[in-house]
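For reference, the structure discussed in these notes is given below.
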Amino acid sequence: MKISSHQIAAFTEVFRQRSVSDAAAVLGVTQSAVTQQLAKLEQHMGTTLFIRHRSGLEPTKPAQELFALTDRVRVLEQLVAEKINAYSDLSAGHLTVIANAPRPAMPLISEFNRHFPAVRITFCLVPWELAKQRLEARDVDIAIITEPDDIANLFHVQLSKTRLMALMRREHRLACRPTLTLAELAQERIILTEDGSLTLREVEKACLENSTTMPNIIKIATYPVLKEAVLHGVGIGVLLEDSVFPAEELVYKTVDELCTDFKTYIVTTSDKRRLRGVKSFFETVEVSLENQGNTSPC
Numbered sequence: 001m002k003i004s005s006h007q008i009a010a011f012t013e014v015f016r017q018r019s020v021s022d023a024a025a026v027l028g029v030t031q032s033a034v035t036q037q038l039a040k041l042e043q044h045m046g047t048t049l050f051i052r053h054r055s056g057l058e059p060t061k062p063a064q065e066l067f068a069l070t071d072r073v074r075v076l077e078q079l080v081a082e083k084i085n086a087y088s089d090l091s092a093g094h095l096t097v098i099a100n101a102p103r104p105a106m107p108l109i110s111e112f113n114r115h116f117p118a119v120r121i122t123f124c125l126v127p128w129e130l131a132k133q134r135l136e137a138r139d140v141d142i143a144i145i146t147e148p149d150d151i152a153n154l155f156h157v158q159l160s161k162t163r164l165m166a167l168m169r170r171e172h173r174l175a176c177r178p179t180l181t182l183a184e185l186a187q188e189r190i191i192l193t194e195d196g197s198l199t200l201r202e203v204e205k206a207c208l209e210n211s212t213t214m215p216n217i218i219k220i221a222t223y224p225v226l227k228e229a230v231l232h233g234v235g236i237g238v239l240l241e242d243s244v245f246p247a248e249e250l251v252y253k254t255v256d257e258l259c260t261d262f263k264t265y266i267v268t269t270s271d272k273r274r275l276r277g278v279k280s281f282f283e284t285v286e287v288s289l290e291n292q293g294n295t296s297p298c
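Numbering-wise, the sequence shown is residues 1 to 298 according to UniProt numbering.
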């Protein structure tokens with residue numbers, strides 16, 4: 001039995017979206033059509049490609065290996081279609097965008113949507129390690145990530161330079177201090193993002209280097225939830241300064257031992273950069289940065 005382009009398209013989009021219904025929407029076909037194409041492909045391969053969970057579809061090892069090839073095929077098909085159609089504006093389309101934090105991702109998505117309202121965007125916040133893994137697995141179009149691996153082999157634009165800071169309520173007893181130390185933070189309840197985050201890695205590294213132990217740590221999934229925890233007086237948060245939007249009730253404080261600067265980039269793979277939707281997103285970003293007088297395209 002010959003593998004068809006419809007089977008490749010159905011499989012690739014289901015892998016990208018982790019959902020049959022979302023894949024069908026992207027492809028402009030019915031859910032049953034996608035299911036049928038997947039079933040034919042699984043029958044031909046003699047293996048299961050996805051395992052169903054309440055949270056979505058989990059790709060199996062054969063699916064992961066196959067996707068590494070089919071994603072490139074789909075990108076080429078999309079490039080060919082765009083070349084043939086040669087349309088001058090984005091009247092439809094879909095982009096998958098991930099980020100470590102809501103800021104600076106949200107303003108960029110908002111600006112892009114203002115210019116291209118018909119393009120559907122799937123966005124989610126993911127830990128730093130998972131963002132790197134999804135980039136390597138090629139199941140996202142665009143990532144907004146701090147210090148990604150293998151940056152030289154990714155098409156990238158630097159968005160900002162930031163460092164880790166302590167975030168606390170204005171009335172906190174340490175809020176009047178110009179700077180803080182790890183030893184001072186160790187006496188407080190500290191809120192950090194969970195395992196796999198750049199923040200947690202750097203704080204643990206600094207504690208080890210300075211022989212400091214933080215006995216009272218709360219780990220939280222994402223930066224927005226961390227911010228809410230600080231707002232409600234749960235403790236002092238440690239996070240990259242440009243991760244969340246300012247709040248009147250909160251203040252940032254520099255931590256002496258956390259003085260390393262980190263660069264945040266918007267990145268994509270070298271082949272996906274030519275897709276019209278991805279290209280237009282990067283163009284929107286570059287115009288925005290030029291208006292701020294801070295652009296570093298690579």
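We put the beta carbon where it would ideally sit given N, CA and C, even for glycine.
This one's a predicted model, so the numbers in the text were calculated from it and none came from an experiment.
So, residue 97 versus residue 123, is the Cβ gap smaller than 8 angstroms? Yes, they are a contact pair.
What does DSSP give as the partner residue(s) for residue 286 in the beta ladder? Residue 286 pairs with nothing; no bridge assigned.
Would you report the Cα separation of residue 190 and residue 146, rounded to the nearest angstrom? Rounded to whole angstroms, the gap between the alpha carbons of residue 190 and residue 146 is 22 angstroms.
Tell me the rounded alpha-carbon separation between residue 104 and residue 290. Between residue 104 and residue 290, the C-alpha separation is close to 15 angstroms.
Touch test, the segment 257-267 against the segment 155-175, Cβ-Cβ under 8 angstroms, three pairs minimum: Touching, yes.
Run the CB neighbour count on residue 172, radius 10 Å, all protein chains shown included, and call it buried at 16 or more, exposed below. Answer is buried; the Cβ neighbour count reaches 16.
By alpha-carbon positions, which one of 287, 135, 214, 101 ends up nearest to residue 197? Among 287, 135, 214, 101, the Cα nearest to that of residue 197 belongs to 101.
What separation, rounded to the nearest whole angstrom, lies between the Cα atoms of residue 181 and residue 206? Between the C-alpha atoms of residue 181 and residue 206 there is a straight-line separation of about 11 angstroms.
Using 10 angstroms around the beta-carbon of residue 303, count the other beta-carbons present and answer buried if the total reaches 16, otherwise exposed. In this structure the chain extends from 1 to 298, so residue 303 is not present and cannot be described.
Quick one: what does DSSP say residue 189 is sitting in, helix, strand or coil? If DSSP states are grouped into helix, strand and coil, residue 189 belongs with coil.
According to the neighbour-count rule (16 or more other Cβ atoms, all chains shown, within 10 Å of its Cβ), is residue 39 buried or exposed? Residue 39 should be labelled exposed.
Output the boundary residues of the alpha helix (DSSP H) element that contains residue 212. Residue 212: not part of any alpha helix (DSSP H); DSSP gives it neither H nor E.
Runs of beta strand (DSSP E) lying entirely within the segment 35-60, each at least 3 residues, in chain order: Within the segment 35-60, the beta strand (DSSP E) runs of at least 3 residues that lie entirely inside it are, in chain order, 50-53, 56-59.
May I have a chain-ordered list of the alpha helix (DSSP H) segments no shorter than 4 residues that lie completely inside the segment 214-238? List check, alpha helix (DSSP H) in window: 223-231.
Per-residue burial, residue 78 [other beta carbons within 10 Å of its own, 16 or more giving buried]: With 16 or more other Cβ atoms within 10 Å, it is buried.
Is the distance from the Cβ of residue 166 to the Cβ of residue 185 below 8 angstroms? Judged by beta-carbon spacing, residue 185 lies within the 8 angstroms limit of residue 166, meaning their Cβ atoms are closer than that value.
Quick one: residues in its chain with C-beta nearer than 7 angstroms to the C-beta of residue 6, no 5 flanking neighbours on either side, listed in chain order? Counting only Cβ-Cβ distances below 7 angstroms, and skipping sequence neighbours, we find 37.
Should residue 208 be labelled buried (16 or more other beta-carbon atoms within 10 Å of its own) or exposed? Counting Cβ neighbours within 10 Å, residue 208 comes out exposed, since fewer than 16 surround it.
Does the segment 53-61 touch the segment 16-34, meaning 3 or more C-beta pairs lie closer than 8 angstroms? A contact exists between the segment 16-34 and the segment 53-61.
Provide the residue(s) that pair with residue 120 in DSSP beta bridges, ordered along the chain. DSSP lists 94 as the bridge partner or partners of residue 120.
If you compare alpha carbons, which of 51, 107, 120, 60 is closest to residue 243? With respect to the C-alpha of residue 243, the residue from 51, 107, 120, 60 having the closest C-alpha is 107.
Simplified DSSP assignment, three categories, for residue 254: Three-state DSSP puts residue 254 in a strand.
For the alpha helix (DSSP H) that residue 175 lies in, which residues bound it at each end? Where residue 175 is concerned, there is no enclosing alpha helix (DSSP H), because DSSP gives it neither an H nor an E.
Taking the alpha-carbon positions, what's the residue 178 to residue 202 distance? Separation of residue 178 and residue 202 (C-alpha to C-alpha, rounded to the nearest whole angstrom) is 22 angstroms.
Pairing CB atoms from the segment 239-258 with CB atoms from the segment 216-230, are three or more of them under 8 angstroms? Below 8 angstroms, enough C-beta pairs join the segment 239-258 and the segment 216-230 to call them touching: three or more.
Using a Cβ-Cβ cutoff of less than 6 angstroms, which residues in the same chain neighbour residue 120 once the five nearest sequence positions on both sides are dropped? Setting aside the 5 residues that flank it on each side, residue 120 is surrounded in the same chain by 94, each with a C-beta closer than 6 angstroms to its C-beta; the list follows chain order.
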